[in-house]
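Going by this note's numbering, the sequence shown opens with residue 4, and the numbers climb by one from there. One structure is given here, and the rest of the page talks about it.
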Amino acid sequence: MVTVLLGIVVLVGIGIVSSSTTASLVATIVAAVVPLLVWLAQVLRSTPAAPRTDDRQLAAARKALAGHVGKQWEQEAKRRSLVADPPLRVRWATDSRRVTDRLGADSTGIVGKLRRALNRLRMPAILTRDEYADYLARMFLATGDREHQPRAVVAGVPGCGKSTYALLLTLGLLGRERDGGPVPVLLSLASWDPGRESAREWITRRITETYPLLGDAAEFGSGAARALVDGGHVLPVLDGLDEVPAPLRAAAIRRLNADFPTGALVVTCRFAEYNELVAEDPPLADAAVLSPLAVDPHDAVAWLAAHCDSAGDLARWEPVFAALRAGAGTPVGSALSSPLLLTLAGAVYAGPDSRPGGLTDPARYPTAEDVRLELLDEYVPVVYHAADDAGDEEGDDRPARIAWDPGRAERWLGFIADQMRGFDKVELLWWRLHRAVPARAFGVAAGVLAAGCYGLSRGLPQGLTKGFAIGIAVCVLLGLLRGRRGLPVSWVSALVTTAVSVALIGWPMVGARAAGLDAVEMALGVGLCLVRPARLAGSTGAAAAYGLLVGALDGAACGIYAAVTGPDEFASTALGIWLAVTLGVTMAGVSARLLIDHPDPAAPARTELRLGRRRTWPVPQMASALAVGVLVGCAGGLVGGLKQGDLGYGLAFGATFGLAAGIPVGLVGGFLRWFNEPVKTIPTASPLSTLRSDRLSALVHLLAIGAVCALGIGVLGRALFAVTGAAAALPPLGPVTGLRFGLCIGGVFAACLTSWPAFVTAHVTLAVTGKIPWRLMSFLQDAYDLNVLRREGAAYQFRHSDIRDRLADRYRTGARRRGSRVTRVRQAATARTSRC
């Protein structure tokens with residue numbers, strides 16, 4: 004398809020522009036070389052994989068995974084105050100209606116066995132975190148026997164502590180695990196699409212992303228994560244089946260039953276969602292259902308009293324203690340039977356000036372729902388005010404914490420929560436921030452980018468100007484749009500912004516009329532490509548067809564403009580622009596397909612600038628990069644020769660410049676892509692570590708390719724031109740020309756291979772409008788430190804979906820807190836200070 008289309012373009016163009024007898028030769032060269040390079044790159048990219056993991060490497064991988072899982076969740080337990088504080092006692096029961104008996108017909112036996120096990124596992128009156136984690140582990144292991152692996156579904160009401168159970172169970176199982184036993188790995192089900200991935204594929208991918216050290220083929224062999232999962236060395240602890248979109252939950256259970264029919268497994272889910280699911284579809288096979296009960300009033304009083312530091316604190320809480328002892332008949336007693344709301348109450352009313360007794364006022368809080376909304380509304384501003392006060396009291400030895408305004412922090416978190424709920428997502432991933440950018444704003448960003456490419460291309464030789472700039476801008480946009488599939492991009496905004504920006508840049512350099520022609524060419528080329536960007540990046544044939552269409556429309560419009568505004572002929576102008584835009588757009592699609600080959604096209608890159616522990620050479624990566632450099636050079640030379648009517652110039656420039664640019668780009672770009680392979684120095688992924696690594700990768704691609712092109716074209720280019728005898732027909736080429744070209748190509752590599760450029764585009768756009776802070780990552784890390792957010796690998800999540808939903812509701816409605824307790828306390832403190 005590509006061969007035929009490019010051959011037609013070349014033959015028609017040469018037939019009109021020149022009557023040279025070398026037309027068929029040029030068409031044959033281009034039509035054969037371009038697809039050959041594409042095919043060669045694709046073949047070399049699919050080289051055989053390294054040897055698989057052997058038994059010794061598998062044992063080492065299992066040990067390393069267990070160590071890093073334990074370290075990760077120990078740190079998370081400290082963040083959630085599950086280490087220093089005494090744990091909240093939550094009692095458990097079995098739900099016999101939801102138990103599938105392993106024997107098939109009667110569930111009485113397993114239910115009785117579980118109940119007897121729970122009776123034997125009575126919690127002591129006072130216990131530590133480790134003792135409670137061990138209790139949960141023993142309770143789970145009691146669901147298995149000598150013939151069957153333990154399997155359980157933990158189902159409960161919202162806020163009952165299912166996620167805390169999953170975390171503590173993971174630590175408890177790690178504390179009891181023996182050499183050779185499965186390693187518990189806690190994963191959030193929110194990121195799984197069972198319609199696209201099997202359970203094994205998803206678990207393997209998440210383990211690889213969260214624990215990149217397992218990608219060290221020299222240490223653990225190739226495919227260590229998959230070998231651990233397939234070999235039964237991983238015990239999946241899957242949190243949040245209710246966070247999977249409702250239409251996919253039944254498919255998720257079917258996938259789990261198919262991929263893990265007998266292995267040990269834990270799944271958590273809300274009661275209502277699981278009941279609705281099993282009413283029409285089979286439940287998780289051979290799994291007992293464990294249910295956390297409401298917090299006992301005496302346990303709630305004991306937990307709150309344990310957090311009181313003085314008799315005054317106990318006196319403040321006494322009205323609440325009385326309401327709790329009265330049972331669930333009172334609004335506050337009913338609300339605080341939820342572990343989530345109980346812990347929120349402890350945080351909201353932790354200050355010495357707070358008055359938790361106000362929660363017992365029936366006039367202000369007539370129902371448990373009113374108490375719940377009060378706690379959810381006050382939690383975020385209280386923790387930010389408390390952090391500011393604590394920072395003021397600390398000495399100068401501690402690093403200064405950014406004092407975020409609580410009102411603005413609540414608004415920023417509300418926007419984030421609203422976007423997550425709008426996309427039906429529970430995880431906040433920095434590399435998917437561009438999904439929150441409005442279509443119009445992204446179109447404006449595209450126009451600014453196109454104008455920048457136009458400015459860089461002005462110093463390049465004929466054939467690498469407007470068509471080259473369109474191709475570079477479109478290819479960069481295809482890289483920036485990774486992970487934004489299905490979301491609109493305003494091509495009208497891109498067209499208008501490009502036209503205005505290019506006209507303003509070109510007017511001082513080339514005059515008003517030429518700048519207007521350039522603006523029309525650039526605007527139509529970029530704008531039309533954004534009408535269906537997914538189609539352009541769909542396949543090589545589709546890219547060629549799309550390029551022909553965009554080039555024809557752009558050429559016709561520019562030909563009319565040239566004929567109306569000056570002496571230029573319609574045919575020659577239209578044809579030259581048609582050829583330039585067609586090849587530019589086609590090369591953009593081909594280059595994007597060669598570079599964007601990650602299974603998750605929006606995943607961040609991990610760069611490690613070390614040669615140690617690498618046992619393969621980057622031949623496939625260099626082949627793809629070399630193909631991109633040579634394709635761009637040959638296409639530019641061909642267009643330049645045809646537009647000047649000098650085929651000798653086109654052939655000499657295309658071959659020479661293609662090699663001069665393609666060789667350094669291929670070598671450097673290939674090695675940089677090779678450095679993106681995971682290595683052992685990044686043991687566990689985090690949001691900051693993945694951002695820093697991806698940013699490093701983007702900057703190295705941009706600057707290294709720019710520098711090597713400046714050297715390659717300035718030195719290698721002159722030597723090749725001297726050999727071919729084409730130096731006289733070419734403009735002076737030097738390091739500055741090479742640097743301009745290298746920055747353009749480096750931008751393509753950075754946008755297509757890394758996520759940082761898309762993140763920066765989205766970050767700036769949203770920060771300018773005040774929707775997020777300028778120091779976003781510091782803000783998210785601080786919210787994590789304050790226990791507003793939690794973290795799983797490189798993903799942030801809200802501490803609980805109820806907090807997320809309440810923030811989103813308030814952001815959407817623009818609600819303001821009326822009579823906020825924080826405001827009242829601060830006003831009273833100010834009044835006392837003024838009286839003194």
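C-beta atoms are modelled at their ideal positions from N, C-alpha and C, and glycine is treated no differently. None of these values were measured; they are calculated from a predicted model.
In this structure, SER496 and ARG443 form a Cβ contact; the two beta carbons are roughly 5 Å apart against a cut-off of 8 Å. CA-CA distance, GLY70 to ALA80, rounds to 15 Å.
The C-beta of VAL93 has 16 or more other C-beta atoms within 10 Å across all chains shown, which makes the residue buried.
Check the Cα spacing between LYS66 and each of GLY410, GLN78, PHE223 and ALA155: the tightest is with PHE223.
Taking a cut-off of 8 Å for Cβ pairs, the segment 436 to 455 and the segment 521 to 534 touch, as three or more such pairs fall below it. As computed with DSSP, CYS478 is found in no beta bridge at all.
For VAL523, the uninterrupted alpha helix (DSSP H) run begins and ends at 515 to 532, by DSSP. As a beta-bridge residue in DSSP terms, TRP95 pairs with PRO295. Ranked by Cα distance from ARG596, the first of ALA297, LEU539, VAL157 and SER84 is LEU539. The C-alpha of ALA574 lies about 17 Å from the C-alpha of ASP521. For the set ARG132, VAL270, ALA155 and ASP148, the Cα lying nearest the Cα of LEU192 is the one of VAL270.
When the five nearest sequence neighbours on each side are left out, the beta carbons in the same chain lying within less than 7 Å of the beta carbon of THR146 are those of LEU117, PRO153, ARG154, ALA155 and ALA291, in order along the chain.
Your pair PHE762 and HIS437 checks out as a contact, with CB atoms roughly 7 Å apart and the cut at 8 Å. Under DSSP, PRO239 forms a beta bridge with VAL188. Taking the C-beta atoms as reference points, PRO607 is found nearer than 8 Å to THR757. Bridge partners of ALA155 according to DSSP: VAL269 and ALA291. Linking HIS301 to TYR138 through their CA atoms gives a straight-line distance of about 20 Å.
The beta carbons of ALA255 and PRO197 sit closer together than 8 Å. In the three-state reduction of the DSSP assignment, ARG794 falls in the strand class, which pools E and B. Residue range 300 to 309 is occupied by the alpha helix (DSSP H) that includes HIS301.
Remark: C-beta atoms of LEU343 and ASP805 approach each other more closely than 8 Å.
Taking 8 Å as the cut-off, the beta carbon of LEU362 is found closer than this to the beta carbon of VAL323.
Nearest neighbour of PRO161 by Cα position, chosen from LEU810, TYR814, ASP812 and ARG802, turns out to be ARG802. The three-state secondary structure of TYR368, taken from DSSP, is coil. Less than 8 Å separates the beta-carbon of LEU431 from that of GLN800. One thing to note: PRO384 has its Cβ within 8 Å of the Cβ of PRO409. For PRO295, the closest C-alpha among the options LEU699, ALA701, VAL739 and PHE143 is that of PHE143.
Counting along the chain, no alpha helix (DSSP H) covers GLU200, and no H or E run does either.
Within a 10 Å sphere around the beta-carbon of MET512 sit fewer than 16 other beta-carbons, which makes this residue exposed. With distances taken between CA atoms, VAL157 lies nearest to THR167 out of THR167, GLY750 and THR213. Under the rule that a run must span 4 or more residues, no alpha helix (DSSP H) segment is found entirely inside the segment 553 to 586. Ranking ARG794, TRP759, SER689 and ARG815 by CA distance to the CA of LEU216 puts SER689 first. In the DSSP assignment, GLN800 forms a beta bridge with GLU430 and ARG793. DSSP places GLU246 outside any alpha helix (DSSP H), giving it a letter other than H or E.
By the criterion of a C-beta distance shorter than 6 Å, TYR277 is surrounded in its chain by ALA158, once the five residues flanking it on both sides are discounted.
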